[in-house]
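Here is the structure we will look at, set down as structure tokens.
Residue numbers (the UniProt record's numbering): 1 to 175.
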């Protein structure tokens, strides 16, 4: 009788362990799929701050970005991108690609620099700027940004209004 009771307990424990292992495998599979999709597919990001006004309102807009274009090196001038912030890698920024590698950027005099500066974007880098130049920290302060820091290309604004993100430089008139 004791042997039969121990046998039933053993069978229940085995069934429980099998179910737990099965659930753990499903959980790990789901987690790894989520990681792959968010790292190499599409991901959601929040836009804060005024640097991309009027493209984004800066009041907590949400966008969907895709990570494939930067990986394959298919970025173009005018794309809106999400990058790792050069001065704080724990943060992300959203800016527009103004120049690609090999292109020259002309920076006009400002409070810090009193003469025109010409910068050629080095290989493997892009020049990014916010659409609202007076309220943007971007390549004018950081310099060219390595392509490896570009996490994704913005496709769609989903909040507060649903719309495709334009891929042009209309909002950027002068540097």
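All residues carry an ideal CB built from backbone N, CA and C; glycine is no exception.
Just so we're clear, the structure is a prediction, and the values are computed from it rather than from any experiment.
Going by DSSP, residue 45 is part of the beta strand (DSSP E) stretching over 42–48. The criterion of a C-beta distance shorter than 8 Å is satisfied by residue 126 and residue 147. Distance from the CA atom of residue 116 to the CA atom of residue 141, rounded to whole angstroms, is 15 Å. For residue 117, the enclosing beta strand (DSSP E) has its first and last residue at 117–120.
In this structure, the straight-line span from the alpha carbon of residue 61 to that of residue 47 is close to 5 Å. Burial state of residue 55 is buried, judged by a 10 Å Cβ sphere holding 16 or more other Cβ atoms.
When the five nearest sequence neighbours on each side are left out, the beta carbons in the same chain lying within less than 6 Å of the beta carbon of residue 123 are those of 101, in order along the chain. A distance below 8 Å separates the beta carbons of residue 99 and residue 77. DSSP places residue 139 in the uninterrupted alpha helix (DSSP H) bounded by 139–142.
When only Cα atoms are considered, residue 97 and residue 160 end up about 23 Å apart.
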